[in-house]
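Here's the structure, in structure tokens; my notes come after.
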Amino acid sequence: MAKEKALLFRAFSIRTILPNVVTLFAFMAGLTSIRFALAGKWEMAVFAILLAGVFDGLDGTVARLLKSTSRFGAELDSLSDVVSFGVAPAVVLYLWGLQSLDRLGWAVALIYATAMALRLARFNARMDDEEEPRKRLGFLTGVPAPMGASLLLIPLMVDFAFEASVMQKWGLVVAAYAVGVAVLIISTFPTVSLKALRIRRDFFVPLMLVIGVVIAGLFVRTWLVMILIGTIYVISMPWSYFAYEKRRKQKRMD
924 MAKEKALLFR AFSIRTILPN VVTLFAFMAG LTSIRFALAG KWEMAVFAIL LAGVFDGLDG
984 TVARLLKSTS RFGAELDSLS DVVSFGVAPA VVLYLWGLQS LDRLGWAVAL IYATAMALRL
1044 ARFNARMDDE EEPRKRLGFL TGVPAPMGAS LLLIPLMVDF AFEASVMQKW GLVVAAYAVG
1104 VAVLIISTFP TVSLKALRIR RDFFVPLMLV IGVVIAGLFV RTWLVMILIG TIYVISMPWS
1164 YFAYEKRRKQ KRMD
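If you want the numbering used here, it's the 1-based position in the sequence shown plus 923.
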């Protein structure tokens, strides 16, 4: 009996609960973005989704630091990602610029949200598969959920950055772009994994300087810097592909 009580106490310790609380913050930030979109507060809606991305990055880190990773946490994280990076961005984009396309606009929103759900289902199915070729070589499969949501919202960021409504009026262009992002999300294209990146010692200080400049830029010209980050990410994808192929061939030779 004493052993059962001890196990029950351990199961509900702060160390176990804290990562899941962070995940719930991400979930609620994603839902809140929809509220802002319904009120026409577009910048706040996008910011809420980006905030969800920050919390999403923190929950796994907190779980690993506290050594409290669990299957429950992983499943909760995926459900949160579907809402925060699938449903919420799709609704925000639809209300902002796709609504004028009527059924076509809604179909595009559905395509994106469905692609995100399928991606996360695939991720869950392969969660314990250490032999997955891209994972084994330090790459991700397709564009990760937070980055996918950020890329989807770039048309809004363009209008925010230049204080215009140009992209908002180009419904068909935005629709085509959204479908393209959905394809990248569900694709098997190898993409860079920040966790697997290794920085040489002599590059450490210059890298810290670059990160400092980026952080300063986020305070001064938030949306312009976010557009730049998204652009650099997309441009880096061909490099990711060739780097993956190179490692795969080296692995075969070994």
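Note that beta-carbon positions come from the ideal geometry of N, C-alpha and C, so glycine has one too. Quantities reported herein were computed from a predicted structural model and do not represent experimental measurements.
Residue i to residue j, Cα distance in whole Å?
i: residue 1091; j: residue 1171; result: 42 Å
i: residue 1031; j: residue 1012; result: 12 Å
i: residue 1089; j: residue 991; result: 47 Å
i: residue 1145; j: residue 1085; result: 11 Å
i: residue 1104; j: residue 1070; result: 10 Å
i: residue 948; j: residue 978; result: 7 Å
i: residue 1095; j: residue 1079; result: 14 Å
i: residue 982; j: residue 1117; result: 16 Å
Looking only at its own chain, which residues have a Cβ that is under 7 Å from the Cβ of residue i, when we skip the five neighbours before and after it?
i: residue 1186; result: Here the chain comprises residues numbered 924 to 1177, so residue 1186 is not present and cannot be evaluated.
i: residue 1022; result: 1028
i: residue 999; result: 943, 946
i: residue 986; result: 942, 992, 996
Helix or strand or just coil, what does DSSP make of residue i?
i: residue 1063; result: strand
i: residue 939; result: helix
i: residue 955; result: helix
i: residue 1114; result: strand
i: residue 1092; result: helix
i: residue 1165; result: helix
Could you name the residues of the same chain whose beta carbon sits closer than 8 Å to that of residue i, not counting the 5 residues immediately before and after it, in chain order?
i: residue 864; result: This structure cannot settle anything about residue 864, because the visible part of the chain is limited to 924 through 1177.
I'd like to confirm something about residue i: is its beta-carbon nearer than 8 Å to some heavy atom of the ligand GTP, or not?
i: residue 939; result: In the structure on display, the ligand GTP does not appear, and there are no ligands present to speak of.
Please name the residue, chosen from the options, that lies closest to residue i on a Cα-to-Cα basis.
i: residue 937; options: 1095, 1066, 993, 989; result: 989
i: residue 1163; options: 1072, 1073, 1057, 1137; result: 1057
i: residue 1044; options: 1001, 1017, 1080; result: 1001
i: residue 913; options: 1131, 1083, 1062; result: There is simply no residue 913 to check, as the chain begins at 924 and stops at 1177 in what is shown.
i: residue 1081; options: 960, 1105, 1151, 1066; result: 1151
Open item on the list: Could you tell me which whole alpha helix (DSSP H) segments of length 4 or greater appear in the stretch 978 to 1030?
Closed with: DSSP runs (the alpha helix (DSSP H)) wholly in the stretch 978 to 1030: 994 to 1004, 1011 to 1016.
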